[in-house]
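Numbering (full-length UniProt numbering), first residue to last: 1 to 680.
Notes follow the structure.
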C-alpha cells in the first residue's frame, strides 16, 4: 500500500467523504427488470464492487423521462416515487461496505432506445442522428426543453431522497445534453443554438435546476466529452471554454471523450495505454483548479493510477471495465496482492458488444461471474476428487484453478514450455499485449494452489491416466489454423524459403517479421486474425497492405469496438479491401483471387498471410470418451477444442466445471448410499 499511498487518500466533497480515490463510473448493464427495477443479481453485481473496496459507486444511468429519454434494452428508472424503495435498498447495501454512492441521471435524446419509443420520433437539438445511419430525430421545442429541465430537477430530488450521496449529470457521449453542446449535432438558430453560450444554455439550466433541487450541501458531478475527437466537433480547448457557462455549481468534473461515431475512444480500444485520457483531465484541472477532476481510460496498473494522482492531473480515477473484471481491485492493491489482480484486457466483448450491439446482459472475458465473484470457494468438496486437465491455455488454466480452489486435486498437462495457449501467442502482437495480463493472473493464481500440479513440456497421452483413478477429465487442447485444400496452399507452406505464412508462423517467431518499410503485404481472411495482421503492418509503415475476404464485409464477427477500430485503420492507412472475393490459388509471390464480377486478379506480395480462422483440435476425444465410460469418470470438452471461438466462451465453460464437480460428488454420494443399503 505504501507504494500507492495517493490511491488511498480520502477526499471530502461538500458533505460526501470518499475513503479512496477509485470510483466506479456509470456503465449500462442490461441487468434491470423490464419495468425499470432492480433484481437480486443486479444488486449483487454492485455489491461485489463495494465489497471490493471501491470508494464511490456510481449507479448506471437511470431514466427520468420515460420513454423518450430511455437508453438500453433494459434500464433502471427514477421517473416516479415507486422506484425509490429499490434505489434505497441499493444505497443501504453499498453504504454497508463504506462506499459512497452516486447516480447518473441522463436523457438519451436521439440515442434513445428505439423499441421503447412506441413509434414516436426521438428528440434532439436538431434533426441530425446521434450516430451515422440512425433514424433522424426531431428538434425539441423550447417548451419541451424547459419541461425536460424540470424533470432533471425532480429526478435529482428523488435521488437525494433515495439515499444517494451525489448525483451525476451526463453531458457527453452523444446523449441529449451533448447533442446541444456539440456543433456536430446542434444546428439551431434560437437561444439554444449557434454560439457556445447558446449551445451551453440547456446544460446551464439543468445544473441550476438540479442545484435548486438538492440544496447547497449535496455534490453534483458532470460527465462530459472533453474532446469529441471528430472533425468539426468540440476540441479540448472548446470544451474547457464552454465549462465557464455552467461549472460554478458543479463540484466534480468527470472528464471523458468522444461521441458515438468514434466509440473506440469513448469505450477505449485495447491498444490505448493506461490513463491515456489523463492529459485532458490535466488541462481541465489547470483551468478549474478548485474542482474535483475525474479521469479514466484503460487504467489498470496501480503504479500508473498512483502516478496520475501524484502528478495532480486528476483527483479521482474512474475505473469502469477494470472493476467489471476485478471488483476487488482496491482490496488487492491495499493488501499487497497486486500479482492477483484480474486486469481488464479491454477486449470490449462481454461488456460493450453484448450490451450495445447484441442487447444482452453484460459479461466479461476474464471474469466468468460478475454477480457472485468468489462465493463458490465457500463450497469445498466433501470427499477427495481428482481431475486431469489437458491443455494449459486460458480455458484449461481457469478450469484447473477453479477446481483446485474448491478442494479438487488437479494435474494439468501442457505440451509447450509455456502456458496461455493461443492467448499467449496472440499477445505477442504489440496491439494485443493486454491479453497477457490475463494469462499472468491465471498463472499467479495457479501458483498459489498446492493441490494443483502443472506439467509443462508434457504432451498428454492416455498412458498418463494409468493408475490415477481420475474422477474428472477436462479436455482443453485448443485449436489450430484452418488451412483448406486451396490450390497451391500446402505446397507453398511446405517450402523452406517462402513468402507465405500462417498466423502461427508470425507468432512463433516475431523477430522474423519486424521489417515493414517498402513491404507489400496481402492478407487472406477479413476476420479477427487477418485484421490483426493488417493492423500490425499498416501501422508500422508497410508500403501497401491488402486484405481479401470471401464475405461481403470485413470484421463480420468482431465486437463493435474492435470493428470500429479496425475500420479506422483500414480507412486511415488506405488498405486495399477485396470483399466478396475468393482465394483461388496460392503461388510463391502472389495470390490468384476471384473478384465479385467473376474476373480473376493476381495480388503480388512481399509477404502473404493466410488467416482463415481456426478449427478445434481434440485428437484424443474418442479415447477419452471410452476411458470415461469404462472408469465412471466425467469428461468435459471446453474452449477452442470444443469449437474455435474467443477467450470469453472458454472462460465461462471453464468456470462451469463447478457444475460437473457438483454432479460427480452427488453421483459418488448416491453410489455410497446404494452400496451401504445393498450390504445391509
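A virtual CB, placed ideally from N, CA and C, is assigned to each residue, including glycine.
- In this structure, the beta-carbon distance from residue 274 to residue 386 does not fall below 8 Å.
- The bridge partners DSSP lists for residue 600 are 594.
- Taken through DSSP and simplified to helix, strand or coil, residue 201 comes out as helix.
- Distance check between residue 220 and each of 187, 646, 183 and 153 places 153 closest, using alpha-carbon atoms only.
- With fewer than 16 other CB atoms across the displayed protein chains lying within 10 angstroms of its CB, residue 510 is exposed.
- Runs of the beta strand (DSSP E) spanning 3 or more residues and lying entirely within the segment 180–227 occur at 220–227, in chain order.
- Around residue 246, the same chain offers 200, 203, 204 and 207 as residues with beta carbons nearer than 7 Å, after the five sequence neighbours per side are excluded.
- Note on residue 64: 16 or more other CB atoms within 10 angstroms of its CB, so buried under the neighbour-count rule.
- Bridge pairing for residue 615: 480 [DSSP].
- Here DSSP, grouped into helix, strand and coil, assigns residue 104 to strand.
- Remark: three or more beta-carbon pairs, one from each stretch, lie closer than 8 Å, so the segment 556–566 and the segment 339–353 are flagged as touching.
- Ranked by Cα distance from residue 162, the options 478, 103, 594 and 658 are led by 103.
- Inside the segment 532–571, DSSP marks no whole alpha helix (DSSP H) run of 4 or more residues.
- Residue environment for residue 184: buried (at least 16 other C-beta atoms within 10 angstroms of its C-beta).
- Here residue 281 is actually not in contact with residue 258; their C-beta atoms are around 14 Å apart, not less than 8 Å.
- Here residue 541 is exposed. Its C-beta has fewer than 16 other C-beta atoms within 10 Å.
- Counting along the chain, no beta strand (DSSP E) covers residue 44; the unbroken alpha helix (DSSP H) around it starts and ends at 40–51.
- Ranked by Cα distance from residue 604, the options 617, 613, 588 and 614 are led by 588.
- The beta carbons of residue 33 and residue 106 sit about 19 Å from each other, so the pair does not count as a contact at 8 Å.
- In terms of Cβ geometry, residue 441 and residue 340 form a close pair [threshold 8 Å].
- Here residue 565 has 264 and 269 as same chain residues with Cβ atoms under 7 Å from its own Cβ, once five neighbours each way along the sequence are excluded.
- By the criterion of at least three beta-carbon pairs nearer than 8 Å, the segment 132–152 is not in contact with the segment 85–103.
- Between residue 21 and residue 315, the C-beta gap is smaller than 8 Å, which places the two residues in contact.
- DSSP places residue 502 in the uninterrupted beta strand (DSSP E) bounded by 500–502.
- When secondary structure is reduced to three states using DSSP, residue 24 falls in the strand class.
- As computed with DSSP, residue 413 is found in a beta bridge with 390 and 455.
- Residue 336 carries a coil assignment under DSSP once its states are collapsed to helix, strand and coil.
- With a cut-off of 8 Å on Cβ pairs, the segment 484–503 is not in contact with the segment 404–414, counting fewer than three such pairs.
- Around the beta carbon of residue 68, 16 or more other beta carbons lie within 10 angstroms, which makes this residue buried.
- For residue 61, the enclosing beta strand (DSSP E) covers residues 56–63.
- Judged by their CB atoms, residue 297 and residue 323 are not nearer to each other than the 8 Å cut-off.
- The Cβ-Cβ distance between residue 6 and residue 306 falls below 8 Å.
- In the assembly as shown, residue 42 is a buried residue. Its beta-carbon has 16 or more other beta-carbons within 10 Å.
- The Cβ neighbour count for residue 369, taken over all protein chains shown within 10 Å, is at least 16; the residue is labelled buried.
- A distance below 8 Å separates the beta carbons of residue 545 and residue 534.
- In chain order, 560 place their CB closer than 6 Å to the CB of residue 357, counting only its own chain and leaving out the 5 sequence neighbours on each side.
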